[in-house]
Amino acid sequence: MVFTTDTGGHKLDQNGQQGEPVVLKLQPHDTSLHMGKEGSVNGSTTVNGSTATLYTSKTTFSSFEEDIEKPPVSLKDHVKGCCLGLFSLDTLKSRLPIIVWLPKYNFFNFQCDLIAGVTVGLTVIPQGLAYAGIAGLPPQYGLYRLCTLPRTQYGLYHLCTLPPTQYGLYSAFMCTFVYCVMGSAKDITLGPSAIVSLITASFATSISPRLPNGDVDPTMAIILPLTSGIIFVVMAAFKLGIIVSFISFPVINAFSSAAAITIAVSQLKTLLGLKGVPNDFIESLDVIRKKLPYVNVWDMTMGLSSIVVVILLKKLREIKWKNDPEKPPSGFVMFLRRCIFISGAGSTAIVVVLCAGILAILEFYGNKSLTPTGYIKPGMPEIRIPDFSIHIGNYTMSEAEVFGKLGAGIIIVPIIALIEAMAIGKYFARINQYKLDPTQELFAYGVGNIITAFFQGYTITGTFSRTAINSQCGVKTPLGGVFTGAIVIISLYFLTPLFYYIPKCALAGVIIAAVLAMVDLQTLRMLYKANKLDLFPYLITFICTLLIGIQWGIFVGIGVSIFILLYPISRPKILFSTVQGFLIVTPLHGLNFPGAEYLEIKALDRALGVEKPHNIILNMEHLSNMDFSAVQSLRSLMVECEFHGMRLVLAQGQKRVRRQLKQAKIKNLIVVRTIEEAIDVYTVLPIQDTHKEITVRDPTDDPNDEGYYMSRL
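Counting in numbering that gives the first Met the number 0, the sequence shown runs from 0 upward without gaps.
What follows is the structure, encoded as structure tokens:
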């Protein structure tokens with residue numbers, strides 16, 4: 000480039016040294032510049048073998064080579080190609096990845112998947128029951144719709160015709176079978192998660208009507224996985240998974256940390272054995288503070304002990320064994336190491352079993368100080384179409400009212416579930432070095448949620464803790480999820496009588512221990528050292544999630560993140576270089592409608608901010624595309640330049656940009672290939688006062704003009 004600073008215009012010689020100053024003057028006539036090899040027409044000047052030809056009232060461009068246009072494809076051929084691709088074998092393999100990996104399956108893969116699936120299954124049972132509590136859903140519902148039996152009369156429950164729904168477990172097994180067939184990642188485990196459970200509580204159960212026994216009607220919670228699944232499938236069909244790319248890492252990380260703190264605080268009331276504590280973050284802390292004298296010491300002791308034991312047991316799976324290279328460990332040693340690892344991976348199950356045993360012993364001796372989970376009816380759920388209306392006694396809520404109350408939750412719940420699943424999937428795909436197909440993942444999540452709704456579960460997504468266990472256990476294929484689902488089904492049929500003895504405080508402790516690992520302070524320190532600007536969306540997201548609510552904090556963070564992303568587009572960096580009679584304007588970013596008007600104002604202000612207005616050369620070397628508003632802003636800038644006795648010259652445009660400008664048919668627009676060519680031509684023009692009075696032609700007076708544009712600013 001010739002111009003790099005504002006210190007004046009100098010042309011570099013062959014040795015790279017500054018030569019004599021270059022004096023640039025434009026002939027003060029209504030002219031355009033054409034660079035070519037034609038002879039003299041209407042008066043011309045030959046410079047270094049090139050010809051500067053003067054025309055009037057005509058847009059001219061350099062004799063550049065234009066792009067070769069591709070022949071248009073007819074609509075019929077396009078539809079035919081899409082249909083053939085839709086029913087091709089490649090499409091079938093991409094939609095059902097099991098077709099690809101199942102023929103290569105072997106016994107070694109089976110062993111790894113079995114161990115991983117059983118280990119995750121032991122984790123999902125206590126977590127499923129606990130997350131149902133976060134969602135505001137009891138382990139069962141419907142027991143009191145037709146009867147109001149006391150809790151102790153278990154023998155009469157068979158008289159009720161409506162089956163119970165164990166949300167946490169019903170959400171934990173069908174999705175694993177779906178993902179085995181449709182999933183593209185070997186590590187991901189679908190099921191209920193802490194964040195989605197809290198979002199479900201915010202948008203569904205908190206506004207749902209109450210049953211006669213005081214439990215929440217689950218209809219709205221069951222509608223959400225159905226609507227979420229449909230949204231996922233539609234997004235996959237139109238390949239809209241790219242939407243997640245607009246959510247920055249600081250926003251996701253801050254949201255996860257704040258949500259973890261919110262979930263932990265929401266479980267304090269259960270861990271302390273308190274009642275009447277609201278769900279709001281700030282208000283709940285204040286109420287808990289006031290009710291500290293009424294804490295159930297038994298619940299508090301067991302809950303805090305559960306947290307400590309879970310954290311300590313988790314350390315077992317992080318042990319790095321050192322082997323002697325000359326003496327490999329024996330099979331018995333390897334077996335013990337595997338048992339230790341499984342003990343760490345199944346820490347929640349171990350703690351829950353121990354606590355259930357303690358409660359059973361206490362109740363056997365007549366001590367009922369601990370609060371049990373309660374009765375859960377065994378067996379599989381009833382498969383049925385979700386209800387879209389609510390009927391409780393004489394009270395009826397229509398479908399329109401139900402969806403009206405759900406409101407923004409219909410959109411927010413699937414977005415949060417998608418963010419969580421994609422973040423987890425991309426993380427484990429990166430560390431385990433395989434490719435994740437976002438579109439196929441959307442299909443798998445969508446179908447999994449739809450089927451879960453028919454089995455009376457609530458919204459499912461990828462879960463970090465269970466996915467981490469799955470990966471650490473060495474799972475090889477999505478078939479590991481089948482074993483996890485089998486463990487859940489076995490539990491539903493044979494272990495539900497034992498679930499009664501699980502203390503609620505132990506489940507609360509398990510949840511708190513799980514979510515505390517999601518609070519990531521290390522990232523905050525890294526952001527501070529790497530890029531302090533990223534701290535702004537991080538802190539805004541974190542604070543808003545805590546104070547405004549988990550359902551809105553993420554969107555405030557996304558808005559701030561998108562604003563930071565779009566600000567350089569609306570206010571692009573512009574380099575101004577001055578030469579005698581010229582102002583070289585070089586935008587360092589692309590030019591779109593917000594930035595084009597900004598450039599128009601800044602260039603004109605800078606050119607008019609001297610004693611004699613400068614002519615303007617727009618250096619387009621960084622522009623690969625311009626939208627309609629940007630082209631119109633250039634038209635407006637050219638009109639303003641003509642009004643003030645200046646000229647606007649465009650240089651160094653790419654083929655696409657030149658073609659766009661040519662199609663705009665802006666009269667008297669001057670476009671050259673390089674700034675050097677403009678300098679060579681204007682250097683030999685007669686040197687005279689560029690700024691004496693010029694007759695300005697009004698384009699609106701010409702019936703052949705393609706349009707006259709005045710800036711919106």
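Virtual Cβ for every residue (Gly too), placed ideally from N, Cα, C.
On a predicted model such as this, the values are computed, not experimentally measured, just so you know.
Going by DSSP in three states, residue i sits in which element: helix, strand or coil?
| i | result |
| --- | --- |
| N469 | helix |
| N278 | coil |
| F454 | coil |
| K92 | helix |
| Y597 | helix |
| R316 | helix |
| G552 | helix |
| K326 | strand |
| F237 | coil |
| T585 | strand |
| P502 | strand |
| N252 | helix |
| R429 | helix |
| I357 | helix |
| V264 | helix |
| L189 | strand |
| S576 | strand |
| G135 | coil |
| R209 | strand |
| N448 | helix |
| I561 | helix |
| L590 | strand |
| V117 | helix |
| N108 | helix |
| V243 | helix |
| P567 | helix |
| G479 | helix |
| V670 | strand |
| V123 | helix |
What is the C-beta distance between residue i and residue j, in whole angstroms, given that I count them as a contact (C-beta under 8 angstroms)?
| i | j | result |
| --- | --- | --- |
| I262 | I563 | Contact doesn't hold; Cβ gap of about 28 angstroms is too wide. |
| L526 | L534 | 5 angstroms |
| T476 | D112 | 6 angstroms |
| V309 | G508 | 7 angstroms |
| G378 | L494 | Their Cβ separation, rounded to whole angstroms, is 12 angstroms, which puts G378 and L494 out of contact at 8 angstroms. |
| T458 | Q126 | Actually they are not in contact, since the Cβ atoms of T458 and Q126 sit about 15 angstroms apart, beyond 8 angstroms. |
| I674 | L647 | The Cβ separation is near 14 angstroms, so there is no contact. |
| I349 | V119 | At roughly 14 angstroms, the Cβ-Cβ gap does not stay under 8 angstroms, so I349 and V119 are not in contact. |
| L312 | F340 | Not quite, the Cβ-Cβ distance comes to about 11 angstroms (not below 8 angstroms), so this is no contact. |
| R657 | V670 | 6 angstroms |
Among residues of its own chain, excluding the 5 on either side of residue i, which ones have a beta-carbon nearer than 6 angstroms to its beta-carbon?
| i | result |
| --- | --- |
| P277 | S283 |
| V294 | L271 |
| D436 | S183 |
| D519 | N252, S256 |
| M173 | I450, T451, F454 |
| A355 | Y500, I501 |
| T226 | I409 |
What residues in its chain sit with their C-beta under 8 angstroms from that of residue i, if we drop five residues either side in the sequence?
| i | result |
| --- | --- |
| Q406 | The sequence shown places Gly at residue 406, rather than the Gln named in the question. Hits under 8 angstroms: F202. |
| N322 | P328 |
| V401 | T218, M219, I222, F387, S388, I389 |
| I423 | I187, G461, T462, F463, T466 |
Give every residue of the same chain whose Cβ lies closer than 7 angstroms to the Cβ of residue i, excluding the five residues on either side of it in the sequence, and list them in chain order.
| i | result |
| --- | --- |
| E599 | S632, S635, L636, S710 |
| A629 | L590, N591, F592, A595 |
| F248 | none |
| S196 | Y130, I133, A134 |
| K601 | I573 |
| G408 | F202, A203, L223 |
| I114 | C472 |
| L358 | L369, P371, Y500, P502 |
| L478 | D112, C179 |
| T438 | A235, K238, G240 |
Does the ligand GTP have even one heavy atom less than 7 angstroms from the beta-carbon of residue i?
| i | result |
| --- | --- |
| I488 | For the structure depicted, the ligand GTP is absent and the ligand set is empty, with no information on it obtainable. |
>> Assess contact between the stretch 484-491 and the stretch 412-419, defined as three or more Cβ pairs (one per stretch) separated by less than 8 angstroms. Is contact present?
In response: The stretch 484-491, when compared against the stretch 412-419, does not touch it at the 8 angstroms Cβ threshold.
> At which residue ranges does the stretch 616-656 contain complete beta strand (DSSP E) runs of 3 or more residues, listed in the order of the chain?
Replying inline: If only complete runs of 3 or more residues are kept, the stretch 616-656 shows the beta strand (DSSP E) at 647-650, in order along the chain.
>> Closer than 8 angstroms is the cut-off here; do at least three beta carbon pairs connect the stretch 537-557 with the stretch 331-340?
In response: Remark: fewer than three beta-carbon pairs, one from each stretch, lie closer than 8 angstroms, so the stretch 537-557 and the stretch 331-340 are not flagged as touching.
> Which parts of the stretch 378-427 are runs of the beta strand (DSSP E), unbroken and 3 residues or longer, counting only runs that do not cross its ends?
Replying inline: Assignment of beta strand (DSSP E) within the stretch 378-427, counting only whole runs of 3 or more residues, yields 389-391, 394-396 in chain order.
> Would you call the stretch 442-449 and the stretch 176-194 touching, i.e. three or more CB-CB distances under 8 angstroms?
Replying inline: Output reads yes: the stretch 176-194 touches the stretch 442-449.
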